[in-house]
Structures are given as C-alpha cells and as structure tokens.
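Structure first, then comments.
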Amino acid sequence: MAEKRWFKRSCPIQEFNSLMKEYNFSRPIALSLASREIYCKDVDKYLNASLNDLNSPYGLPGTKEASIRLWDAIRKDEHIVIHGDFDVDGITASALLAWILRENGANVSVFIPRRLDTGYGFTPDSLDNLLVENKCNVLVTVDCGITSNDAIDKANEMGIEVIITDHHEQGEKVPKASIIINSKLHPELTDMHGLAGVGTAFKLAHAFLKFGLENGLVRRKIDLKEILDLVALGTVADIVPLLGENRILTKYGLKILSKQIRPGIRALCEVCGINHTLKSNDIAFKLAPHINAAGRLGDPHVSFNLLDTNSIVDASQLAQELRTYNLDRREKEKEIFDAAELQISQRININESSSILIYGENWHQGVIGNVASRIAREYNRPAIVLTVIDGQAYGSGRAAGKINLVEILSESSELLTRYGGHPMAVGLSLNPGDIDALSVKFEKSVKNIFSIDDLVPQIEYDGDIFIPELDDIFFHELETLEPFGHSNPQPVYRIKDLSTPYIANAGPNHARGYVRDSNYKSLPFIAFNMAPNTLPKAPWNILAVPQLNNYHGTSSPQLRIIDIKSSYNDVD
Ligand SMILES: [Mn+2]
Numbered sequence: 018m019a020e021k022r023w024f025k026r027s028c029p030i031q032e033f034n035s036l037m038k039e040y041n042f043s044r045p046i047a048l049s050l051a052s053r054e055i056y057c058k059d060v061d062k063y064l065n066a067s068l069n070d071l072n073s074p075y076g077l078p079g080t081k082e083a084s085i086r087l088w089d090a091i092r093k094d095e096h097i098v099i100h101g102d103f104d105v106d107g108i109t110a111s112a113l114l115a116w117i118l119r120e121n122g123a124n125v126s127v128f129i130p131r132r133l134d135t136g137y138g139f140t141p142d143s144l145d146n147l148l149v150e151n152k153c154n155v156l157v158t159v160d161c162g163i164t165s166n167d168a169i170d171k172a173n174e175m176g177i178e179v180i181i182t183d184h185h186e187q188g189e190k191v192p193k194a195s196i197i198i199n200s201k202l203h204p205e206l207t208d209m210h211g212l213a214g215v216g217t218a219f220k221l222a223h224a225f226l227k228f229g230l231e232n233g234l235v236r237r238k239i240d241l242k243e244i245l246d247l248v249a250l251g252t253v254a255d256i257v258p259l260l261g262e263n264r265i266l267t268k269y270g271l272k273i274l275s276k277q278i279r280p281g282i283r284a285l286c287e288v289c290g291i292n293h294t295l296k297s298n299d300i301a302f303k304l305a306p307h308i309n310a311a312g313r314l315g316d317p318h319v320s321f322n323l324l325d326t327n328s329i330v331d332a333s334q335l336a337q338e339l340r341t342y343n344l345d346r347r348e349k350e351k352e353i354f355d356a357a358e359l360q361i362s363q364r365i366n367i368n369e370s371s372s373i374l375i376y377g378e379n380w381h382q383g384v385i386g387n388v389a390s391r392i393a394r395e396y397n398r399p400a401i402v403l404t405v406i407d408g409q410a411y412g413s414g415r416a417a418g419k420i421n422l423v424e425i426l427s428e429s430s431e432l433l434t435r436y437g438g439h440p441m442a443v444g445l446s447l448n449p450g451d452i453d454a455l456s457v458k459f460e461k462s463v464k465n466i467f468s469i470d471d472l473v474p475q476i477e478y479d480g481d482i483f484i485p486e487l488d489d490i491f492f493h494e495l496e497t498l499e500p501f502g503h504s505n506p507q508p509v510y511r512i513k514d515l516s517t518p519y520i521a522n523a524g525p526n527h528a529r530g531y532v533r534d535s536n537y538k539s540l541p542f543i544a545f546n547m548a549p550n551t552l553p554k555a556p557w558n559i560l561a562v563p564q565l566n567n568y569h570g571t572s573s574p575q576l577r578i579i580d581i582k583s584s585y586n587d588v589d
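Heads up: the sequence shown begins at 18 in the numbering used here, then just goes up one per residue.
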C-alpha cells in the first residue's frame, strides 16, 4: 500500500496561546483543543459538560404534544406499540421508551422489524406484521419513520395514531403523522441537531416525565439518569457527533454503563471480558457488535430482551446467544472478506482503479455492509459488495474520502431496481445481469470526482510534541477531553527523530518496544498491524495516541503508534 499522507490539523496560534495562558493547559492539550476549535470562550462548557446543561426537553418540538398524548393513552388504557429498528440505536431507543412508559402504567409492546424480513424502517409490511400479534391504538416510531409516508397513510386509514421520533433526514414530503419529533427538521437547535435515535427517544422520555410531574400524574419516583447507559450505547454505536447534548449524554451514560447495573449490560460485559471503566471504544468495538449481531443474522428481539430484562438468569442466557451470533457473524464476515480480497487481486488492477465493486453468490446479506466498510477502509476507495440470492443482486456500499455515494449511485439509477441511504453508506439492489455494467459506470462516476492522488490515505494529527510533555498532568487533562468518537477524535500527535532501542513481536502481526528521543527520554509503544520486519529503519517520525496502559491495577503511559516514517522521508 502507498505511504500515508500526514496532515496537521490547523491550529489558530492566538487561540492556542490563550488556552495556554488563561487556562494553563499543558501544551499538547492546548494544541488538541485549539485544533478542535474549542477556544477559551467554549472550553468550560466543553470540559465541564454536565447534565444541568441539557436543554429543557420541551425545546425539541413535538415532545410536549407527544407527552400529553401518551399520558392520555395511559389514562384511557389504550394500546401503545413502539416500532423500533434492528440496530443498536433502534434497539436501545425501543428499550428506553418501553421502560419509561411501562413504569408509568402504560399498556405497551415493542415491535422490531427483521432485516431479512421487511428490512429497515416502518413500512406497510412491517405494520401488517406488528398487527398480527399486537393491538395498537397509538404507534410510536423510534429511530425510523420520517420517510415512512406510505406506512403512515395506511395506519391513518386504519385509525391508528402515529407519533414519529426519528433522527434521519426527511424525504421530499414530511409524512402525515399526528406528531413528529426529529431534530433534523430544526437545524437552529445546534446542541440537539446531532441527536441519535436513542437521544431523541430520551428527549421524549424526559418531556413525558416532566409533564407527568408537573401535572401530578407520575405514580412513583423515577430517576431518568438510570437510563443514560442505553443513551450512551446507541449514541456511540450510531456514530453521531459527540458534541452538544450527545457529549453530555454519552459522558454521563458511560458512568452508568460502567456500573453495570442493568442485568443485560452486566451479562454482556462478562461475555466481552470487560471489567474496567467503560470508554466509548468499548461500545464501538465490543458491546455494539454483539448487540448488532442478532439483527444481522437472526432475531433482533434477542438484543432487545437482553436490555429489557430484569432477570439475571435470562440476561446471562441472552448474552450467550449474542456471543454465538457474534462469533457466527465474524466467521461469515471473514469468509466473505477473504473471497473479496482474492477477487480484488484477480480481477481489479488496484493501482488504476478508483473504486472497488465485488460480488458473490449467496453471501450473507446481514454482513456484507461490514465487509464493504472494511474494504473501503483498507483500500481507501469507495466499495460496493453485492450478493446474488435467488436471481437478485443485493448490495451495500461504503464511501471513502469525501464522496457522496447516494449521488454517485444516482448516475447509475437506470441499472438499479432500488437504492438509497446516506452519503457514507448505501444499500442497493439490481438484476444480476447488470452487475458488470454497474461496475464500469461506478468506476467512471468515482473517477470523475477522485483523482488517483485523492486516494492516498491521509491521517490527521494535532501537532508536534516531545516525550517529556506526556506527564501526569497531561494524562489527567486528556481524560477531561473524553468521550472520544465522531467529531471528537482521540488526540494524535507527531513525535520526531526517535531512536528505537528495543523492538519485539507482539503476537504475529503487531510490534511493541521503546522509542527514545535525543535526550534519552523514552516511552514504551505498541503498534498494531505493523510487524517488526515491516518497519522502517530508525530514526523515526511517528504519529501516536498517548494512552495509559492499565495492567494488574497499575497504569503506565505508552504510545499507540498509528504510523511510522523514516525521519529522512518526513520533511515538512
Ligand atoms: Mn439511528
């Protein structure tokens, strides 16, 4: 693979100086704050983000009206059905809303569509399916519904009242639901604009409780903080920006999550081998893949039940089911990925191609999206993975770089029977006879936007630092920047001119050792997916994430190296 390009985030020097002078931050932290555009005027709010900083829940339009309607439904003993979605965001949102309504005496049931059955979202078919087992007077969607015009028309005809809570972009026409709660319709609400589906459901729950308290309707004391573990799970898993209210909700949610109070969380942490304070990465790489696995391969209600149950016995059995689902998911993904790599090596001249499109027979539909993500990431090119099942090709596409896949696919719309999604992730289907034509057209469309030069992978960093700057004060301050994730990445720094007194294998693919500066100050490092024999000769310039390595109760600083260049090849 080509050498990666290192790109220093811009850091306004005056703002940086003020952060150092007025707040006395250590230099690396001031670099990171300034390069994230967190300046003196915002820094208190950013560092001390507290639950008191949340806006009134009524500030999100529709929440008060929906609360009134839901309390009314409880009074009349009407049947409320929550229509969720099969990913972590949709499942946590369902569990959250079900909990608050049930605790207040509502007659409530939950329906989560299956990926391989009616697919994503609230559709006329999913409405039929949910009515088979549930009576329904009021239907509340979570994490879906804003583009479900047909399903909502049908529900209206049947006399079912629909309340939409969603965070996706609207289509051409807003559906005729009785109440719509969606921050995407209100760009002026900057702090709430990025809410996930579960964050939106939380705002409704908060409003519902507030209205109930104001009007003497609440039967017993309820602490909404208890449910923030679910908000953190869904918010991090859905990869929404961890800024504004998302930052507050996730920061406190991680504290609740770490207490492992909910039986399902405790059981799942045990399956994942987590016994420490949870960070956003534990959600992204451990908990979320397990919760998603059920929806990918089978029944998403397994995950819902895990988060919903009060029984420790049930929770541990459900967590085991998720463990099995996840192992199966990984195996299927690996098989397809290996086949995909083989296909790329045989069929695609990667040095001349700006895109990758691969296909196979009967690849599992629930995992091809993950395979497309991995291919797009590893080859730094937009990728489509198609699977041909029963005479129809279904696919998932993932973007790389700044490219809008929905727009790219619209140029091939005459070849597609269906397509849609987000700029970064799309779904599509087509006639298998048109795959070759799509492959040619897709490459052409991407090439119109991307030059080969755009395909050089780029890593952003916050600035240059020196080993002695990574002291206790730095690590203490670093913690206050958490939680890290989308729009608030972990700080990455460049450290130059390092010698390497010791390098060893760490497992078959990784390297560990020490790096040392010219004053003989050294730090241990770990470098994942960089075997020692593939590394350049010292002196090194490195990009690294400083972190505390917790081992047997003691924590010591180390560098997680992201990329290495010979100092002679890295000239500014
Ligand atoms: Mn979502």
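Positions of the beta carbon are idealized from the N, C-alpha and C atoms, including for glycine.
key: Three-way DSSP call (helix, strand, coil) for glycine 188 in this model   = coil
ask   = Listed by chain order, which residues have C-beta atoms less than 5 Å from any heavy atom of ligand 1?
value = Asp106, Asp160, Gly214, Asp255
ask   = Between alanine 222 and leucine 114, what straight-line distance do the alpha-carbon atoms span, to the nearest angstrom?
value = 6 Å
request  = Indicate whether isoleucine 129 and isoleucine 308 have their beta-carbon atoms separated by less than 8 Å.
outcome  = no
query = Taking Cβ to Cβ, would you say proline 280 is nearer than 8 Å to serine 320?
reply = no
inquiry  = Judging by CA-CA distance, which residue of Leu118, Phe302, Asp160, Pro192 is the nearest neighbour of leucine 226?
reply    = Leu118
task = With distances taken Cα to Cα, identify the nearest neighbour of glycine 414 among Asn173, Leu403, Asp407.
result = Leu403
Contact under 8 Å by Cβ, lysine 458 with serine 371 = no
task = Flag this pair as yes or no: are the beta carbons of tyrosine 342 and isoleucine 373 separated by less than 8 Å?
result = no
query = What separation, rounded to the nearest whole angstrom, lies between the Cα atoms of serine 584 and phenylalanine 492?
reply = 27 Å
request  = Take the Cβ of glutamine 575 as the centre, count every other Cβ of all protein chains shown within 10 Å, and call the residue buried at 16 or more, exposed below.
outcome  = buried
message = Distance check for glutamate 369 and isoleucine 291, CA to CA, integer angstroms please.
response = 44 Å
query = Grouping DSSP H, G and I as helix and E and B as strand, with all else coil, what is aspartate 481?
reply = strand
task = Ignoring anything shorter than 3 residues or poking outside the segment 171 to 242, list the beta strand (DSSP E) runs there in chain order.
result = 178 to 182, 196 to 198
query = For glutamate 378, which of helix, strand or coil comes out of DSSP?
reply = strand
request  = Within the segment 66 to 140, note down every full alpha helix (DSSP H) run reaching 4 residues or more, in order along the chain.
outcome  = 80 to 92, 105 to 120
ask   = If you compare alpha carbons, which of Asn567, Ser573, Leu565, Asn546 is closest to isoleucine 581?
value = Asn546
task = Decide if alanine 521 is buried, meaning its Cβ has at least 16 other Cβ atoms within 10 Å, or exposed.
result = exposed
task = Determine the contact status of threonine 252 and serine 275, defining contact as a CB-CB distance below 8 Å.
result = no
Where aspartate 489 falls, given that 16 or more other Cβ within 10 Å makes a residue buried = exposed
inquiry  = I'd like to know whether the C-beta atoms of alanine 51 and alanine 218 end up nearer to each other than 8 Å.
reply    = no
key: 8 Å CB neighbourhood of valine 423 in its chain, flanking five on each side removed   = Tyr436, Gly437, Gly438, His439, Pro440, Val443
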